[in-house]
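Asker:
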Amino acid sequence: MEVCTTVTQVRRALAEAPRPVGFVPTMGALHEGHRALVAAAVAGSATSVASVFVNPLQFGPGEDFDAYPRDLDGDLALLERDGVDLVLAPSADELTPPQRRTEVRVRGLTETLEGAVRPGHFDGVATIVTTLLGAVGPDRAYFGEKDYQQLLVVRALVADLQLPVEVVAHPTVRERDGLALSSRNAYLGPEDRVRARVVPAALAAAADGWDGDADAARARMRSALDVEGVAVDYAEVADPETLERREGRTPAPARALVAVRLGGTRLIDNAPLPVPEAAPGRQ
Ligand code: AMP
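Given below as structure tokens:
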């Protein structure tokens with residue numbers, strides 16, 4: 009496995025590499041969720057590439073950029089074991105030099121949900137994902153549904169900028185009790201770790217008895233999240249493509265999305281709500 013720290017090195021290393029090239033961008037502190045994306049990229053590509061970069065642009069003031077877990081040696085050992093061919097692990101200065109002038113902003117999609125709670129977050133994500141896609145030039149790039157809004161933002165920028173890459177979505181990998189794997193789960197103390205089960209429980213409550221009524225599904229989520237020590241940023245039912253808030257009853261698929269704070273830890277998760285089955289006597 010080759011480890012590059014600059015874009016020039018990556019371009020040189022990939023110039024003659026067998027295609028297709030599959031790419032998994034990460035912020036490191038790798039877990040089974042990342043490994044599932046890596047396994048898909050390794051299985052589906054002639055050359056597999058991962059990046060490890062804690063993107064300073066996607067953290068707001070007062071967020072956990074400094075505290076974000078970092079373990080580059082552990083990550084590299086894991087990526088090598090999983091069969092990755094090349095890793096890009098750049099310095100902050102390499103991808104975000106102080107003289108940088110350009111920002112990528114995806115309008116519309118980024119103004120709700122995570123974008124409303126974390127202003128500027130998706131501009132940072134979009135800018136660095138565009139930079140990484142330009143550096144690596146993959147045929148396919150793998151993103152987790154765990155960060156569903158991010159996945160839509162990446163799809164939108166790839167479409168709008170006509171980047172020659174296929175965005176592949178990977179389903180969310182979960183712990184046995186349903187909690188979505190996340191590098192931030194490491195922050196949870198034992199009591200908050202138990203409390204965190206309310207997040208997948210809220211998504212299950214939205215899906216349980218889902219009949220297309222977004223207001224009722226939101227109410228079920230809110231009541232599942234009504235637990236001491238859990239602060240809800242949002243518990244929404246939205247259009248799965250535009251993320252516009254669903255009102256009332258609609259005979260169409262939707263997405264349930266949740267963000268909570270437990271102590272100092274922020275957790276997000278989401279789940280599909282399929283086309284509601286037509287129930288006799290309804291509509
Ligand atoms: P991150 O390191 O948090 O930026 O995540 C890197 C990639 O891994 C993103 O595309 C995430 O959506 C994805 N990812 C993170 N956690 C999971 C998970 N539990 N299941 C599937 N994909 C995930």
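Each number in my numbering corresponds to the 1-based position in the sequence shown with 8 added. Every residue, glycine too, gets a C-beta built ideally from N, C-alpha and C. Being a predicted model, the structure only gives us computed values, none of them experimental.
Can you grab the Cα-Cα spacing for the pair Asp277 / Ala97, in whole Å?
Answerer: 27 Å
Asker: Does DSSP classify Tyr150 as helix, strand or coil?
Answerer: strand
Asker: So is Leu169 buried or exposed if we call it buried at 16+ other beta carbons inside 10 Å?
Answerer: The residue in question, Leu169, is exposed, as its Cβ has fewer than 16 Cβ neighbours within 10 Å.
Asker: Give the DSSP bridge partners of Phe73, in chain order.
Answerer: According to DSSP, which records beta bridges pairwise, Phe73 is partnered with nothing at all.
Asker: Run through the DSSP bridge pairs and tell me what Val57 is partnered with.
Answerer: Phe31 and Leu94
Asker: Under the three-state reduction of DSSP, which class applies to Leu87: helix, strand or coil?
Answerer: helix
Asker: Among the residues of its own chain, which have a CB less than 7 Å from the CB of Ala164, if the five just before and after it don't count?
Answerer: Val114 and Leu117
Asker: In chain order, what residues of the same chain lie with their CB nearer than 6 Å to the CB of Glu88, ignoring the 5 residues before and after it?
Answerer: Met9
Asker: Counting by C-beta, which residues lie closer than 6 Å to a heavy atom of the ligand AMP, in chain order?
Answerer: Thr34, Met35, Gly41, His42, Ala44, Leu45, Phe151, Gly152, Lys154, Asp155, His178, Thr180, Val181, Ala188, Leu189, Ser190 and Ser191
Asker: Ordered along the chain, which non-local residues of its own chain (more than five positions away) have a Cβ less than 6 Å from that of Phe67?
Answerer: Phe73
Asker: Whole angstroms are fine: how far does the CA of Val15 sit from the CA of Glu285?
Answerer: 50 Å
Asker: Go through the segment 173 to 208 residue by residue and report every complete run of the beta strand (DSSP E) that reaches 3 residues or more, in order.
Answerer: 174 to 178
Asker: For the beta strand (DSSP E) containing Leu270, list its first residue and its last residue.
Answerer: Ala262 to Leu270
Asker: Pick from Pro33, Glu236, Thr139 and Arg253: whose alpha carbon is nearest that of Thr104?
Answerer: Thr139
Asker: Tell me Arg257's beta-bridge partners as DSSP assigns them.
Answerer: Asp221
Asker: Only counting the same chain, and skipping five residues up and downstream in sequence, which positions put a Cβ closer than 7 Å to that of Val207?
Answerer: Leu187, Val266, Val268, Leu275 and Asp277
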